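>
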Amino acid sequence: MAIKTKTEGNFTYTWSDAGYLIHGGDPDDDYALAKDPVTHPRTYTETSTPIPTDDHEPTDEDYAIAGRILLGEGETA
Amino acid sequence: MGTYATVQALFTAICDAIRTKDGTAATIAHQDIPDRIAAIPTGGGSGALPYFWRTDANVRILVMIPYDYYTFPGTLRVLNKASVHIDWGDGESTDTPKQTKTTVVQEIDHMYASAGVYEITMTTEAKTVDNLIIAFEEPAKHGLVLGVSTDGQAKCSAVELYTGVTGMVRAVYGVSTSQDYGTSMQAGATFPASILEMHKSKPNISGNSAICKFYGSMYSGGGSYLLAYCKSLREVYLHDCFKIDGDCFGYDEALERVYIHDDGGPSGQSYYKIGSKAFENCTALKEVILDIKDRYVYPSLAADAFTNSGITETTGTIYVTDEYLDDMKTKTNWSTYADIMQPLSLYTGEEYHGYGN
Chain A
1 MAIKTKTEGN FTYTWSDAGY LIHGGDPDDD YALAKDPVTH PRTYTETSTP
51 IPTDDHEPTD EDYAIAGRIL LGEGETA
Chain B
1001 MGTYATVQAL FTAICDAIRT KDGTAATIAH QDIPDRIAAI PTGGGSGALP
1051 YFWRTDANVR ILVMIPYDYY TFPGTLRVLN KASVHIDWGD GESTDTPKQT
1101 KTTVVQEIDH MYASAGVYEI TMTTEAKTVD NLIIAFEEPA KHGLVLGVST
1151 DGQAKCSAVE LYTGVTGMVR AVYGVSTSQD YGTSMQAGAT FPASILEMHK
1201 SKPNISGNSA ICKFYGSMYS GGGSYLLAYC KSLREVYLHD CFKIDGDCFG
1251 YDEALERVYI HDDGGPSGQS YYKIGSKAFE NCTALKEVIL DIKDRYVYPS
1301 LAADAFTNSG ITETTGTIYV TDEYLDDMKT KTNWSTYADI MQPLSLYTGE
1351 EYHGYGN
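Chains A and B supply the protein sequences, listed in that same order.
Just so it is clear: in the first sequence, position 57 is 57 by my numbering, and no numbers are missing.
Take any residue in the second sequence, count from 1 to its spot, add 1000: that is its number in my numbering.
(1) Smallest Cα separation from B:Gly1116: which of B:Asp1068, B:Gly1091, B:Met1341 and B:Ser1093?
(2) Would you mind telling me which residues of chain B sit closer than 7 Å to A:Asp17, beta carbon to beta carbon, in chain order?
(3) Whole-angstrom Cβ separation of A:Ala32 and A:Ile51, contact assumed at under 8 Å?
(4) For a cutoff of 9 Å on Cβ pairs, would you count B:Ser1083 as touching chain A?
(5) Are the Cβ atoms of B:Ile1289 and B:Tyr1324 separated by less than 9 Å?
(6) Confirm, please, whether the CB-CB distance from B:Thr1321 to B:Lys1277 is below 9 Å.
(7) Please list the terminal residues of the continuous alpha helix (DSSP H) segment that includes B:Leu1325.
(8) Ignore the nearest five residues each way along the sequence and tell me which others in B:Phe1310's own chain have a CB closer than 7 Å to its CB.
(9) Among A:Ser48, A:Gly9, A:Asp36 and A:Lys6, whose alpha-carbon lies nearest the alpha-carbon of B:Gln1300?
(10) Which stretch, first to last residue, makes up the beta strand (DSSP E) that contains A:Pro37?
(11) Among the candidates A:Gly24, A:Thr45 and A:His40, whose CA atom is the shortest distance from the CA of B:Lys1329?
(12) Taking 9 Å as the threshold (C-beta atoms), are A:Thr47 and A:Thr20 in contact?
(13) Whole angstroms are fine: how far does the CA of B:Leu1227 sit from the CA of B:Met1198?
(14) Between B:Pro1034, B:Cys1248 and B:Ile1120, which lies nearest to B:Lys1273 when the distance is taken from Cα to Cα?
(15) Strictly under 9 Å for the Cβ-Cβ distance: is B:Lys1293 near chain C by that measure?
(16) When you compare each of B:Arg1234, B:Gly1275, B:Tyr1319 and B:Lys1231 to B:Ile1260 by their alpha carbons, which one comes out closest?
(17) I'd like to know if A:Ala2 contacts chain B, where contact means its C-beta is closer than 9 Å to some C-beta of that chain.
(18) With 16 as the cutoff for other CB atoms within 10 Å, does A:Ser16 come out buried or exposed?
(19) Please classify B:Val1236 as buried or exposed, where buried requires at least 16 other C-beta atoms within 10 Å of its C-beta.
(20) Taking 7 Å as the limit between beta carbons, can you name the residues of its chain near B:Ile1037, skipping five residues before and five after?
(21) When the Cα atoms are used, what is the spatial distance from B:Val1007 to B:Gly1275?
(22) Going by DSSP, what residue range makes up the beta strand (DSSP E) through B:Tyr1261?
(23) Taking CB distances under 9 Å as the criterion, tell me whether B:Asn1281 reaches chain A.
(24) Using a 10 Å radius around the Cβ and a threshold of 16 neighbouring Cβ atoms, would you call A:Ala18 buried or exposed?
(25) Enumerate in chain order the residues of its own chain whose CB-to-CB distance from B:Asn1357 is below 7 Å, with the five nearest sequence positions on each side excluded.
(26) Check whether the Cβ atoms of B:Gly1246 and B:Ala1302 sit closer than 9 Å, and answer yes or no.
(27) Consult DSSP for B:Leu1233 and reduce its assignment to one of helix, strand or coil.
(28) Strictly by DSSP, which residues pair up with B:Leu1227?
(29) With DSSP as the reference, identify every bridge partner of B:Asp1090, one or two as the case may be.
(30) Just the chain B side, please: which residues come within less than 7 Å of A:Leu21 by C-beta, in chain order?
(31) Between A:Pro27 and chain B, is the shortest Cβ-Cβ distance under 9 Å, so that the two count as touching?
(32) Could you list which residues in chain B have their beta carbon closer than 8 Å to that of A:Lys35, in chain order?
(33) I need the boundaries of the beta strand (DSSP E) containing A:Trp15, first residue and last residue.
(34) Pull up the CB-CB distance for A:Thr5 and A:His23, whole angstroms please, since I reckon it's below 8 Å.
(35) At least one CB of chain A closer than 9 Å to the CB of B:Tyr1251: is that the case?
(36) Using the beta-carbon count (16 or more within 10 Å), is A:Pro27 buried or exposed?
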């Protein structure tokens, strides 16, 4: 697992070779891929969070949270 | 009929008339006049959008009553402490009683003596109360059509109106009982709460072809595919955004404008993100407006947020608050679009600053 970089034209591309999010940048955040101008080099660290997929089926707990939000009771019981 | 001494005066009058009809106050660019006129509801029949719209203080819904002595709709639910004044458009009105709890469901209906097209107007002075939800449920069962899409295919089964704590709702939309797309939604999102309720018993609203404009906030995330595949959605106005989840507006092929506002004050968010493929395949997207007053509130951008959209390195426009423009051109992933960034002062379109504004 390592941070990879590549410079192409006026930009530097940074990513994790193991499919994890990387942290850093401006705004400071987690990114799957970071593209920065070469005039503004930035450093990143590899996180332990895999790049997420978009599969999510709502669970009963999700609906319970939704119900509390709907009734103005907030997200937690 | 007025007389106009100059062409400018005539155009001003035309734009004033448009603003009166659709309840907006924003300046209208001259090249947008034909489309704005075309979008004004005609009051009946298929092929005319929008059937739902809002004004500064009211929410108005156009309904078609199918026959004489029709009771509409039998399942109006008001979940709110404050009273709601409902003008049924036929000379009669209803005021819902105030409640002491937000969990009260009120069954309210109204009988129309004659078939025809009516404009229902709802107003509330709720300023500090909890969220108000008014839902007309399943009028399709009663043979009532609340609205149709321009292709005549989408019929609305429910209209849910959502308001924040500062005033009447700014987002109105119809949803279809027929959902062909969409996967799931992050249930933790606080906007719109009415959607969360719908997910309990109805299909995902993504894929809805009746929604043409969307206003609201996404305090804790909009949810993946929340409004994806909405083929009539043209404009999105967001206030107090925390996160636009991945694929949130994916495949909205008519989407032209995304407006994001944040005051950056006590109610502003300190964390802000536009997620992976948030606007994927929004091929008509022309404008992204970042009306954000606090540089620390500017969103991070996933590298693939605008994949295959109208926003590329050379096409479209991203408006940025003037004093942050140069800084924005160097930010991670935003730097890709440096050449299409423009100062916010050049933006002349509609704005949205949250509920009650």
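Glycine residues also receive a C-beta, built at the ideal position from the N, C-alpha and C atoms.
What you are looking at is a predicted structure, and each value in this text was computed from that prediction instead of being measured.
Let's see:
(1) Nearest C-alpha to B:Gly1116 among B:Asp1068, B:Gly1091, B:Met1341 and B:Ser1093: B:Asp1068.
(2) In chain order: nothing, as chain B lies at least about 16 Å away.
(3) With 8 Å as the limit, A:Ala32 and A:Ile51 qualify as a contact, their Cβ atoms being about 5 Å apart.
(4) Taking 9 Å as the threshold, the shortest C-beta distance from B:Ser1083 to chain A does not fall below it.
(5) No, Cβ-Cβ distance for B:Ile1289 and B:Tyr1324 is not below 9 Å.
(6) The answer is no: Cβ separation not under 9 Å.
(7) Here the alpha helix (DSSP H) through B:Leu1325 covers Leu1325 to Met1328.
(8) In the sequence as displayed, the identity of residue 1310 of chain B is Gly instead of Phe. Excluding sequence positions up to five before and after B:Gly1310, its CB lies within less than 7 Å of the CB of Cys1282, Thr1283, Ala1284, Leu1285, Lys1286 and Gly1316, all in the same chain and listed in chain order.
(9) With the sequence shown as reference, residue 1300 of chain B is identified as Ser, and Gln is not the correct amino acid for it. Selected option, being the one with the closest Cα: A:Asp36.
(10) For A:Pro37, the enclosing beta strand (DSSP E) begins and ends at Leu33 to Pro37.
(11) Comparing alpha-carbon positions, the option among A:Gly24, A:Thr45 and A:His40 lying closest to B:Lys1329 turns out to be A:His40.
(12) Looking at the sequence shown, residue 20 of chain A is not Thr but Tyr. In this structure, A:Tyr20 places its C-beta atom within 9 Å of the C-beta atom of A:Thr47.
(13) In this prediction, B:Met1198 has a pLDDT of 34, which is less than 50 and means its spatial position is unreliable; what the coordinates show is noted afterwards. A straight line joining the alpha-carbon of B:Met1198 with that of B:Leu1227 spans about 14 Å.
(14) Relative to B:Lys1273, the option among B:Pro1034, B:Cys1248 and B:Ile1120 whose CA is nearest is B:Cys1248.
(15) The displayed structure is made up of protein chains A and B, and chain C is not among them.
(16) Looking at the Cα atoms, B:Tyr1319 is the closest of the given residues.
(17) A:Ala2 is outside the set of residues whose beta carbon lies under 9 Å from a beta carbon in chain B.
(18) With 16 or more other Cβ atoms within 10 Å, it is buried.
(19) The residue is buried, with at least 16 neighbouring Cβ atoms inside 10 Å.
(20) Taking B:Ile1037 as the centre and dropping the five residues before and after it, the same chain places the C-beta of Ile1018 closer than 7 Å to its C-beta, in chain order.
(21) When rounded, the distance between both Cα atoms is 46 Å.
(22) In the sequence as displayed, the identity of residue 1261 of chain B is His instead of Tyr. Counting along the chain, the beta strand (DSSP E) containing B:His1261 begins and ends at Arg1257 to Asp1262.
(23) No, its Cβ sits nowhere closer than 9 Å to a Cβ of chain A.
(24) Classification for A:Ala18: exposed.
(25) Caution applies to B:Asn1357, whose pLDDT of 34 falls short of 50 and renders its modelled position unreliable; the value that the coordinates give is listed next. Cβ neighbours of B:Asn1357 beyond the five flanking positions: none.
(26) For B:Gly1246 and B:Ala1302, yes; Cβs fall inside 9 Å.
(27) Assignment of B:Leu1233 by DSSP, reduced to helix, strand and coil, places it in the coil class.
(28) B:Leu1227 is not bridged to any residue.
(29) DSSP, once it has assigned bridges, lists no residue as partnering B:Asp1090.
(30) Close partners of A:Leu21 in chain B (Cβ separation under 7 Å) are lacking, with about 10 Å as the shortest Cβ gap.
(31) A:Pro27 counts as touching chain B.
(32) Per Cβ cutoff of 8 Å: Ala1303, Thr1332, Asn1333, Ser1335 and Thr1336.
(33) It spans Phe11 to Ser16 - the beta strand (DSSP E) in which A:Trp15 sits, taken as one unbroken run.
(34) Contact doesn't hold; Cβ gap of about 15 Å is too wide.
(35) False, the Cβ-Cβ gap to chain A never drops below 9 Å.
(36) That one is buried.
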